[in-house]
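Chemist: The structure that follows is given in the form of structure tokens.
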Amino acid sequence: MADSDTQRSTRRSSVFGPARIGLLLLFGVLLLGIFARLMNYELSRDEELYVPPAALLGEWSLYEDFFYNHAPGSAWLYQAFYWLFGSAGLLFSARLAVFFVWLGFAASVAFFGWRFSGSIGASAALLLLVLTNEQLLGVVGSTAANNFPPLPLAFVGVCLFMLGATGCGLLRDAAPARAGGANPVLVFASGVFLAAAVSVKVSAIAFAAPVAIATLFIPAAAPLRRRVANVLAPLAAGGALGGAPVLLEFLKGPERFLAHVVYYHTGPHAAYWAADPAGEGDVAIGLADKLLLAHELWFAGGTLILCLVAAILLAMLAVSGSGPKIRSAADGQRLLLAASVMALVLLLGFAPTPAFPQYFAPAVVLLPLIAALIHGQLAGDARRLGGVILLVASLFGLAAGLPRIVQHIPKIAKPHTWTVARVHRDGLAVRDALAEAGVSGKVATLLPIYPLEGGLSVYPEFATGQFVYRTADFTAPNLLKRYRTTSPGGVRALFENDPPAALLLGFEPELEAPMAAFAAEMGYRPLATPKVRNRYGEGTLWVRDRDARDG
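Going by our numbering, the sequence shown opens with residue 614, and the numbers climb by one from there.
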């Protein structure tokens, strides 16, 4: 019998050892593909808003000196990476920050997937479904904006609360007895992560609000005063710590902060899109259009697979066995909380007008958590079958997402061909062209990343792209004075008072028309080189005549 057990153990080692190594190699390839995708994804218009602050915050102040219509968390993140890696390029450093967010997300899905499912195999399958999800691999997770960074923070925050509020430790359910049946340390950490998520994007409140409400009900067996002392208070303390930097930013100028982060979205932004709803690609204005957009995103590819996996596992839980379906009160509370968070996240995805595809991505990160929680309740044959279903689903997810992931891997060995490298070279070429022309000063453009890549100065009015400029005519005067901006009708006065050394134009013809008219009338020379090319067109550098400056 002992010899038989030894043989079985040897066979397991020979099978599972290589299998685990192969799985790690697969995840390594997937992460390498995500890195390559980030480095080669085409420059987006939104990045002209989110990336420039990384280079500007050393000298200018957010909101006061230039426009920024979101919470400051992502700007600080990209600034930190610019300090560390900025010598390789502004866009590169910001995209690298997003890759590190991907690494953190992968680690958290792997850990909490195992923690709640109790299965390494289930955790690996769920991680595979996340890393190959087309919705996350699109504009959400492939550009340096504020769409992806808050999602892992919110995911970790919810998971930590589920453990802490039910009295569990990070690694074990059998936590030491605690007053109120809670683990205040994990609850405190949950508050920090959730507040950090909101500090990056205000809409992450959809994750935090149900958790805050849950402090009044979890753990259910504890008296209310103990829940307040051991759950609500630690969560609030963690939230205060995680949100303190943003609170300080708010206190610098409350009206200015609200004008940028709140009133811009409810006023000029909405008015602009109501006037021109067909101005860009996937934009939904009315509820019917939002439902169609959500349907296209949620019921396709990897997201649909995750939905089906969660639904099938839930059905198996409902029909399996004759005993209790939920193993403990803590497990039931976690499932109820996950469902509540998902419901609010889904609902708030429809709240903004207009709605963009990235608004419907937050629900995706909750699906692996829900699937792990349900799988953790299965036992016996149902649990084994659930593992098989997860394995098959992950293979379908891999097949669906692999083409996107491997698309740019061949370019890994040729970093000079990366999009981020090309953008950096174009910025340096603009700098060299100005030096050769013998002029210095600000560069006027709606794509400020290029001059900033070259270490050049930009106008505060265009420092974060076109967004506040294009909505200026839709902005009430009392709100407009809160922004550092101009309007198409005010371009001439701005340039006459402070003439640009050069203008980089050719990407937004309608919005650039006043700039182009000024350049032509004032004798600016279009240069044959450099030609700056991206998805929005081909940019030409118009340079001021040296004599015009001397005169």
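Glycine is no exception: its CB is placed at the ideal position from the N, C-alpha and C atoms.
What you are looking at is a predicted structure, and each value in this text was computed from that prediction instead of being measured.
So, at 8 angstroms on beta carbons, what are the nonlocal neighbours of residue 936 in its own chain, with the 5 sequence-adjacent residues on each side left out?
Modeler: A caution first: residue 936 carries a pLDDT of 49, below 50, which makes its placement in the model unreliable, though a value can still be read off. None.
Chemist: When we look at the beta-carbon of residue 619 and count the other beta-carbons within 10 Å, is it buried (16 or more) or exposed?
Modeler: Only weak support exists for where residue 619 lies, its pLDDT of 45 falling under 50; the value from the coordinates is given anyway. Exposed, because fewer than 16 other Cβ atoms sit within 10 Å of the Cβ of residue 619.
Chemist: Go through the stretch 711-798 residue by residue and report every complete run of the alpha helix (DSSP H) that reaches 4 residues or more, in order.
Modeler: Counting whole runs of 4 or more residues, the stretch 711-798 contains the alpha helix (DSSP H) stretches 733-744, 763-778.
Chemist: Rounded to whole angstroms, what is the Cα-Cα separation between residue 718 and residue 1110?
Modeler: Between residue 718 and residue 1110, the C-alpha separation is close to 48 angstroms.
Chemist: With three or more beta-carbon pairs closer than 8 angstroms as the criterion, would you say the stretch 964-984 touches the stretch 697-707?
Modeler: In short, these stretches do not touch, since the Cβ pair count stays below three.
Chemist: To the nearest angstrom, how far is it from the Cα of residue 788 to the Cα of residue 797?
Modeler: Caution is warranted here: a pLDDT of 47 is assigned to residue 788, below 50, making its placement in the model unreliable, and no coordinate value can be reported.
Chemist: Taking Cβ positions, are residue 887 and residue 1092 nearer each other than 7 angstroms?
Modeler: In this structure, residue 1092 does not lie closer than 7 angstroms to residue 887 by Cβ.
Chemist: In angstroms with no decimal places, state the Cα-to-Cα distance between residue 801 and residue 1039.
Modeler: If I take the Cα positions, the gap works out to 46 angstroms.
Chemist: Under 8 angstroms, with one C-beta from each stretch per pair, do the stretch 687-699 and the stretch 904-917 reach the 3-pair mark?
Modeler: They do not touch, by the three-pair rule.
Chemist: Looking only at C-alpha atoms, which of 983, 767, 1129, 841 sits nearest to residue 819?
Modeler: Of 983, 767, 1129, 841, the residue nearest in Cα terms is 767.
Chemist: For residue 981, report the span of its alpha helix (DSSP H) as first-last.
Modeler: 975-988 is the extent of the alpha helix (DSSP H) around residue 981.
Chemist: Taking only runs of the alpha helix (DSSP H) that begin and end inside the stretch 1075-1160, which ones reach a length of at least 4 residues, in chain order?
Modeler: Runs of the alpha helix (DSSP H) inside the stretch 1075-1160: 1080-1083, 1090-1093, 1104-1110, 1122-1134.
Chemist: Does the distance from the CB of residue 1078 to the CB of residue 661 come in under 7 angstroms?
Modeler: Against a cut-off of 7 angstroms, the Cβ pair of residue 661 and residue 1078 comes out as a contact.
Chemist: Strictly by DSSP, which residues pair up with residue 1070?
Modeler: Beta-bridge pairing links residue 1070 to 1055.
Chemist: Report the start-end ranges of each alpha helix (DSSP H) in the stretch 624-699 that is 4 residues or longer and not cut off at the edges.
Modeler: Within the stretch 624-699, the complete alpha helix (DSSP H) runs of at least 4 residues are 660-663, 666-669, 686-698.
Chemist: Give the C-beta separation of residue 1143 and residue 1036 to the nearest angstrom, bearing in mind that I take them to be a contact with Cβ-Cβ under 8 angstroms.
Modeler: The pair is not a contact, with the Cβ atoms about 12 angstroms apart (cut-off 8 angstroms).
Chemist: My guess is that residue 732 and residue 945 are in contact by the Cβ rule of under 8 angstroms, so how many angstroms apart are they, rounded?
Modeler: Not confirmed; about 20 angstroms, so no contact.
Chemist: So, helix, strand or coil for residue 913, using DSSP?
Modeler: Coil.
Chemist: So does the stretch 1073-1088 actually touch the stretch 849-860, counting three or more Cβ pairs closer than 8 angstroms?
Modeler: At 8 angstroms Cβ cutoff, the stretches do not touch.
Chemist: Using CA atoms only, rank isn't needed, just tell me which of 1008, 1154, 906 is closest to residue 1138.
Modeler: Comparing Cα-Cα distances from residue 1138 to each of 1008, 1154, 906, the minimum goes to 1154.
Chemist: Going by beta-carbon coordinates alone, are residue 778 and residue 844 separated by less than 7 angstroms?
Modeler: For residue 778 and residue 844, yes; Cβs fall inside 7 angstroms.
Chemist: In whole angstroms, give me the CA-to-CA distance for residue 831 and residue 948.
Modeler: So the two alpha carbons sit approximately 12 angstroms from each other.
Chemist: Tell me whether residue 968 sits in a helix, a strand or coil according to DSSP, three-state version.
Modeler: Of the three classes helix, strand and coil, the one that applies to residue 968 here is strand, per DSSP.
Chemist: Please state the DSSP three-state secondary structure of residue 802.
Modeler: Helix.
Chemist: For residue 989, is the beta carbon positioned less than 6 angstroms from some heavy atom of the ligand MG?
Modeler: In terms of ligand content, the structure shown is empty, and the ligand MG therefore cannot be addressed.
Chemist: Taking the alpha carbon of residue 1002 as the point to measure from, which residue in 928, 721, 1016 has its own alpha carbon closest?
Modeler: Nearest of 928, 721, 1016 to residue 1002, Cα basis: 928.
Chemist: Short of 7 angstroms in beta carbon distance, which residues of its chain neighbour residue 1131, apart from the five on each side in sequence? Order them along the chain.
Modeler: Counting only Cβ-Cβ distances below 7 angstroms, and skipping sequence neighbours, we find 1104, 1105, 1108.
Chemist: What did DSSP end up calling residue 834 once you bin it into helix, strand or coil?
Modeler: DSSP places residue 834 in coil when its eight states are reduced to three.
Chemist: Please name the residue, chosen from 967, 931, 1027, that lies closest to residue 889 on a Cα-to-Cα basis.
Modeler: Considering only alpha carbons, the answer is 967.
Chemist: So, helix, strand or coil for residue 887, using DSSP?
Modeler: Here residue 887 sits in helix by DSSP.
Chemist: Flag this pair as touching only if the stretch 893-907 and the stretch 721-732 have three or more C-beta atom pairs under 8 angstroms; answer yes or no.
Modeler: No: the two stretches stay apart, fewer than three of their Cβ pairs being nearer than 8 angstroms.
Chemist: Assess, as a yes-or-no matter, whether the stretch 809-824 is touched by the stretch 747-763 under the definition of 3 or more beta carbon pairs within less than 8 angstroms.
Modeler: These segments touch.
Chemist: Is the Cβ-Cβ distance between residue 923 and residue 984 less than 7 angstroms?
Modeler: Going by C-beta atoms, residue 923 is nearer than 7 angstroms to residue 984.
Chemist: Give every residue of the same chain whose Cβ lies closer than 7 angstroms to the Cβ of residue 1150, excluding the five residues on either side of it in the sequence, and list them in chain order.
Modeler: The residues are 1119, 1120.
Chemist: Buried or exposed: which applies to residue 899, given that a residue is buried once 16 or more other Cβ atoms fall within 10 Å of its Cβ?
Modeler: Flag for residue 899 reads exposed.
Chemist: Within 10 angstroms of its Cβ, does residue 1064 collect 16 or more other Cβ (buried), or is it exposed?
Modeler: That one is buried.
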